[in-house]
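First comes the structure, then the notes that go with it.
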Amino acid sequence: MDGWKASILLLQVDAALASDISPDTCVNCIAPGFVPTHVADFLVRNETIVVMDAMNPFLQKIYRKSIEENTLLIRRLGTLGDMVATAAFLTSDDASYIIVMKSSE
C-alpha cells in the first residue's frame, strides 16, 4: 500500500473512532511516514544496509526523493524521539485545546 493511501486510511479510522467513542473523547493519530528504527530494518535488509546509520544510501535516497517531491516539509526524516515527544504531548493536558476536526453527530 502506498504511503499516502495508508495515511488516508488512518485519517478515516481516526475520524470513525472520534465519532463512535464519545462526544467528549478526543482521538489523535500520528502518521509520520518512514522513520528509521529497528522496526524498519526489514525494508533494507536485502540491501545489507544498517537502517540506524543516518548516512546510509537508502535513507539518503528516501530523503532526496522526499525533498524533490516536496513532501518532506521540514527537510529531515523524523526520529523515534520525535514520535515519542509528539505522543507524549498529545496525551498531556497541554494538548487539551487542540482539535483539528470535530466529528459530525
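The opening residue of the sequence shown carries number 1 in our numbering; numbering runs sequentially from there. Note that beta-carbon positions come from the ideal geometry of N, C-alpha and C, so glycine has one too.
Option in the options with minimal Cα separation from residue i
| i | options | result |
| --- | --- | --- |
| Gly33 | Asp82, Cys26 and Ala16 | Asp82 |
Residue i burial status per 10 Å Cβ neighbour count (16 or more: buried)
| i | result |
| --- | --- |
| Ala18 | buried |
| Pro57 | exposed |
Proximity of residue i and residue j at Cβ, strictly below 7 angstroms
| i | j | result |
| --- | --- | --- |
| Cys29 | Leu10 | yes |
| Ser7 | Ala31 | yes |
| Thr37 | Leu90 | no |
Residue i versus residue j: straight-line alpha-carbon distance, rounded
| i | j | result |
| --- | --- | --- |
| Gly78 | Ile21 | 30 angstroms |
| Asp24 | Arg64 | 42 angstroms |
| Val27 | Ala85 | 17 angstroms |
| Val13 | Lys5 | 12 angstroms |
| Glu68 | Val35 | 18 angstroms |
| Ile74 | Ser96 | 25 angstroms |
Neighbour flag for residue i against chain D, beta carbons, 7 angstroms
| i | result |
| --- | --- |
| Asp14 | Any reference to chain D falls outside this structure, which holds one protein chain only. |
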